[in-house]
Amino acid sequence: MGNSATKNSCHSNQKYTSQYSLSDIIGGSCIGTPQPARKQNKSWSRASCKSWSEGTLYDPLGSSKTLWPVSRSQAMFLPEFQIRQISLQTAYTFVSTIAKGAYGKVYKILKQDTGQLFALKVISKAKVVTENGVIQAKQEVSIQKLVGHHPFILDVNHRWQGRKTLYILTDYIGGGELFSLVDQCGSLPENVVRIYVAEVALAIDFLHNAGVVHRDIKATNVLLDDEGHAVIIDFGLAKWLSHTERTNTLCGTPEYMAPEIFNRQYYGQEVDWWSLGVLACFMLTNQYPAGTSSELLPEDRGTGYAPAGTLPPNAENISAAAKDLLKRLLQPDPCLRLRSLLGLQRIAFYMGFDVQSYMQKKESPFRLLGRRVETEPEKTNREFSNFDSSLRNSIFHAECV
1 MGNSATKNSC
11 HSNQKYTSQY
21 SLSDIIGGSC
31 IGTPQPARKQ
41 NKSWSRASCK
51 SWSEGTLYDP
61 LGSSKTLWPV
71 SRSQAMFLPE
81 FQIRQISLQT
91 AYTFVSTIAK
101 GAYGKVYKIL
111 KQDTGQLFAL
121 KVISKAKVVT
131 ENGVIQAKQE
141 VSIQKLVGHH
151 PFILDVNHRW
161 QGRKTLYILT
171 DYIGGGELFS
181 LVDQCGSLPE
191 NVVRIYVAEV
201 ALAIDFLHNA
211 GVVHRDIKAT
221 NVLLDDEGHA
231 VIIDFGLAKW
241 LSHTERTNTL
251 CGTPEYMAPE
261 IFNRQYYGQE
271 VDWWSLGVLA
281 CFMLTNQYPA
291 GTSSELLPED
301 RGTGYAPAGT
311 LPPNAENISA
321 AAKDLLKRLL
331 QPDPCLRLRS
341 LLGLQRIAFY
351 MGFDVQSYMQ
361 KKESPFRLLG
371 RRVETEPEKT
381 NREFSNFDSS
391 LRNSIFHAEC
401 V
């Protein structure tokens, strides 16, 4: 659920084919979910079909039946998605389409009275219901709304619903994806990697203390702001999970999934620290650790399969302290894995550096790389003609922002 000036619908085939989450591959939900709701439904009466799309509170012929103030297609998304009623185009101007996903699109829009940029995610209710993703969609926005005030996590400014569509409004993050930055640079210098590992680790620690496990930390889910600082997005696979709880759902992006997920074992919050290790390896070497591949299950792997967490050959070019960081994060045994800010602070890679100080964003990664974000005048379409017809006719409350 992210946005970026440079975020495209896909990257090059070589780099991006493996970046899809399992939820992307199977249509938006984790393995093991029930059959789509459409397959479970029995045939409905005419009255039942009407109540799906319309409320019956003001039906003069339904006085002897149960009265519903809103339709069921709206009630199932309450209270996370409130019902709003004012024309969208009166307050915002369309700029461009940022990305397309399984459930909808993300648009870059401009608030007319303030000139502030936002990202608007537009989701089809029908697709969410068909894939049995209602609970997942509601949980995603509730988690992100709770934790979004953290400086390295994307906040949800507002979310609401129309008759057929869900809307999620967030700040616009214009620095691009971390994946694109690594792709352009080949690999990142260690002083920049030190910043990104600390920023993502601070966000992970905050999530875990809030009782949330992300389960999809990866380079395409880390956007960069105008100074190049990390912003974690996409809580579609996030789950409420305390320090002592365990789950066994098979989900995530294969290259970033911890061994305990692959092996169908019960796992906890430690899986996010493994993903951070894969991310650090990718930033330092532009390669993934050996033993992480698109081969989903252990029984599908060949006899010459490298142990999980094996560093790629070009890791020989990085410092001993950086290798030590990777080996501690990519520890196959979750009990021995580096999984706390205190543990991160104590290793050689952060000797002489205060991990907590990165919360203040004193050093700009873009400045260290000699880069800057181009600030060009926004080209807008004030008539919203590039929006889908369903979006042009959508409704929302004037007090959204």
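The UniProt record's numbering puts the first residue of the sequence shown at 1, with every later residue one more than the last.
By construction, the Cβ of each residue, glycine as well, lies at the ideal position given by its N, Cα and C atoms.
Nearest to residue i (by Cα), restricted to the options the options
i           : options               : result
residue 113 : 92, 308 and 144       : 92
residue 266 : 131, 134, 343 and 333 : 333
residue 234 : 194, 145 and 185      : 145
residue 167 : 180, 199, 125 and 313 : 125
residue 363 : 245, 196 and 335      : 196
residue 371 : 354, 224, 105 and 136 : 224
residue 159 : 216, 222, 83 and 153  : 83
residue 282 : 193, 239 and 153      : 193
residue 243 : 268, 359, 308 and 151 : 268
residue 312 : 278, 161, 343 and 342 : 278
residue 89  : 101, 180, 111 and 98  : 111
residue 248 : 240, 261 and 254      : 261
residue 271 : 217, 228, 226 and 317 : 217
residue 117 : 139, 149 and 226      : 226
residue 222 : 180, 339 and 251      : 180
residue 368 : 228, 259 and 356      : 228
residue 136 : 251, 357, 328 and 286 : 251
residue 75  : 163, 149 and 105      : 163
residue 132 : 100, 328, 73 and 353  : 73
Residue i (DSSP reduced to helix, strand or coil)
i           : result
residue 248 : coil
residue 33  : The predicted position of residue 33 is uncertain, since its pLDDT is 45 and thus under 50; no value can be drawn from it.
residue 106 : strand
residue 224 : strand
residue 138 : helix
residue 280 : helix
residue 111 : strand
residue 362 : coil
residue 98  : strand
residue 306 : coil
residue 182 : helix
residue 253 : coil
residue 70  : coil
residue 316 : helix
residue 393 : Residue placement at residue 393 cannot be trusted, given a pLDDT of 48 that sits under 50; the coordinates are not used to answer.
residue 88  : helix
residue 288 : coil
residue 218 : coil
residue 260 : helix
residue 420 : Lying outside 1 to 401, the shown extent of the chain, residue 420 is not represented and no answer is given.
residue 267 : strand
residue 207 : helix
residue 212 : strand
residue 347 : coil
residue 144 : helix
residue 357 : helix
residue 367 : helix
Cβ-Cβ distance between residue i and residue j below 9 angstroms
i           : j           : result
residue 284 : residue 188 : yes
residue 107 : residue 123 : no
residue 274 : residue 256 : yes
residue 366 : residue 186 : no
residue 182 : residue 230 : no
residue 200 : residue 232 : yes
residue 290 : residue 324 : no
residue 210 : residue 350 : no
residue 77  : residue 184 : no
residue 308 : residue 330 : yes
residue 202 : residue 342 : no
residue 359 : residue 151 : yes
residue 141 : residue 156 : yes
residue 98  : residue 240 : no
residue 121 : residue 81  : no
residue 355 : residue 338 : no
residue 314 : residue 286 : yes
Paired residues, beta bridge with residue i - DSSP
i           : result
residue 82  : 160
residue 171 : 118
residue 124 : 165
residue 153 : 232
residue 199 : For residue 199, which the question treats as bridged, DSSP gives no partner whatsoever.
residue 239 : 213
residue 93  : 110
Cβ separation of residue i and residue j, assumed to be a contact under 8 angstroms, to the nearest whole Å
i           : j           : result
residue 322 : residue 190 : 6 angstroms
residue 276 : residue 204 : 6 angstroms
residue 170 : residue 119 : 5 angstroms
residue 207 : residue 147 : 6 angstroms
residue 95  : residue 109 : 6 angstroms
Closer than 9 angstroms to chain B by CB, residue i
i           : result
residue 113 : Among the chains of the structure shown, chain B does not appear; only one protein chain is present.
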